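A.B. asks: Chains as they are written, first to last, in the numbering used here: chain L, 20 to 131; chain G, 167 to 348. Handing you this structure, nothing more for now.
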């Protein structure tokens with residue numbers, strides 16, 4: 020029960036973010052929804068790491084470090100998300116300078 | 167503190183934090199004023215930091231506060247303020263109803279897989295480890311979590327660790343090159 024409710028919470032956050040990413044026109048709103056999706060995944064990784072057994076049985080303190088694999092994944096996800104937001108906002112501001120718009124539906128040179 | 171303690175306070179904290187997180191995540195999507203939805207995004211990120219503390223990941227909660235609440239949300243608010251002369255609010259595409267249906271189907275499918283489709287009993291810490299192993303696990307989670315994390319980052323995951331630092335450098339240089347005045 021305790022593991023399942025964290026996983027369900029992560030799935031709900033992922034679903035909300037999925038809806039926002041696919042349905043919003045404003046590019047910054049899309050980025051914010053993406054952050055919500057990342058957070059759902061992070062909750063899932065940490066909860067699985069906290070409640071389930073890895074393939075190496077934690078006998079000694081040295082072997083038991085693999086219990087924290089989900090934490091390592093979360094650290095990497097947070098780092099990549101930070102890089103992605105910095106680049107994404109830079110691209111949004113560059114588009115805004117040239118086109119005076121931040122709607123993703125207005126940036127369609129490649130589709131013509 | 168052991169691995170299987172469930173007190174009323176922890177239960178209450180979980181429900182308060184998760185309800186706050188989900189409601190403010192919905193507010194981020196639904197509110198028309200983009201600045202306010204950025205403020206609700208901060209509430210969501212704070213709630214997730216609280217859930218990390220409930221899961222025994224205090225270091226990750228600190229990282230979440232510093233990186234997400236401290237840096238990313240400030241960046242997003244700056245970008246919103248720099249691009250806010252237009253009055254569109256926060257519009258949606260016309261096909262948002264099928265997208266909502268897809269998201270709801272995803273959540274229901276995940277609920278089914280988590281509750282019915284998976285046999286968790288073979289993999290749970292509380293049922294598959296004897297008392298001695300549970301003591302070791304509790305030591306890793308509650309006393310030695312940051313040293314164990316550091317050992318993993320610098321031995322088992324050292325290649326990914328170095329690549330992530332290269333990625334951060336590339337992202338910083340790329341962001342500078344994109345927004346530079348020519």
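All residues carry an ideal CB built from backbone N, CA and C; glycine is no exception. Note that this is a predicted model, so its numbers are computed, not measured.
1. If I follow the unbroken alpha helix (DSSP H) through residue 301(G), where does it start and stop?
2. Does residue 117(L) come within less than 9 Å of chain G when only Cβ atoms are used?
3. Taking only beta carbons into account, state which residues of the region 316–331 of chain G come closer than 7 Å to chain L, listed in chain order.
4. Starting from residue 45(L), follow its DSSP beta bridges and name the residues at the other end.
5. Ignore the nearest five residues each way along the sequence and tell me which others in residue 121(L)'s own chain have a CB closer than 8 Å to its CB.
6. Are the CB atoms of residue 98(L) and residue 68(L) within a distance shorter than 9 Å?
7. Quick one: residues in its chain with C-beta nearer than 7 Å to the C-beta of residue 204(G), no 5 flanking neighbours on either side, listed in chain order?
8. My output table needs one value for residue 290(G): the three-state DSSP class, helix, strand or coil.
9. Between the Cα of residue 123(L) and the Cα atoms of 23(L), 101(L), 29(L) and 40(L), which residue gives the shortest distance?
10. Residues of chain G with CB closer than 9 Å to the CB of residue 78(L), please, in chain order.
11. Tell me the DSSP bridge mates of residue 71(L)?
12. In the DSSP assignment, the alpha helix (DSSP H) including residue 245(G) goes from what residue to what residue?
13. Is residue 228(G) near residue 183(G), with beta carbons less than 9 Å apart?
14. Scan the region 272–289 of chain G for residues whose Cβ lies nearer than 8 Å to a Cβ of chain L and list them as they occur along the chain.
15. Figure out for me which residue from 325(G), 338(G) and 303(G) has the closest Cα to the Cα of residue 86(L).
16. Here's the rule I'm using: 16 or more other beta-carbon atoms within 10 Å means buried, otherwise exposed. How should residue 282(G) be labelled?
17. From residue 206(G) to residue 63(L), what distance separates their C-alpha atoms?
18. Measure how close the beta-carbons of residue 59(L) and residue 83(L) come, nearest whole angstrom, since I'm counting them as under 8 Å.
C.D. replies: Short version:
1. Here the alpha helix (DSSP H) through residue 301(G) covers 297–308.
2. Using a CB distance cut-off of 9 Å, residue 117(L) does not count as an interface residue toward chain G.
3. Per Cβ criterion, the list reads 317, 318, 319, 323, 326 and 330.
4. In DSSP, residue 45(L) forms a bridge with 122(L).
5. For residue 121(L), the CB contacts under 8 Å within the same chain, skipping 5 residues up- and downstream, are 45, 46, 47, 111, 114 and 115 in chain order.
6. No; because the gap between Cβ atoms is not below 9 Å, this pair is not in contact.
7. The answer, listed in chain order, is 239, 242, 243 and 246.
8. Residue state, collapsed to three classes: strand.
9. Here the closest residue by C-alpha is 40(L).
10. Correct list: 298, 299 and 302.
11. In the DSSP output, where bridge partners are listed per residue, residue 71(L) has 290(G).
12. Residue 245(G) -> alpha helix (DSSP H) spans 239–248.
13. Residue 183(G) sits away from residue 228(G), with the two beta carbons spaced by 9 Å or more.
14. Answer in chain order: 272, 273, 276, 277, 280, 281, 286 and 289.
15. Its Cα nearest to that of residue 86(L), the residue 303(G) stands out among 325(G), 338(G) and 303(G).
16. Exposed, since its Cβ has fewer than 16 Cβ neighbours within 10 Å.
17. Using only the alpha carbons, I get a separation of about 21 Å.
18. For a cut-off of 8 Å, the C-beta gap from residue 59(L) to residue 83(L) is around 27 Å, too long to register as a contact.
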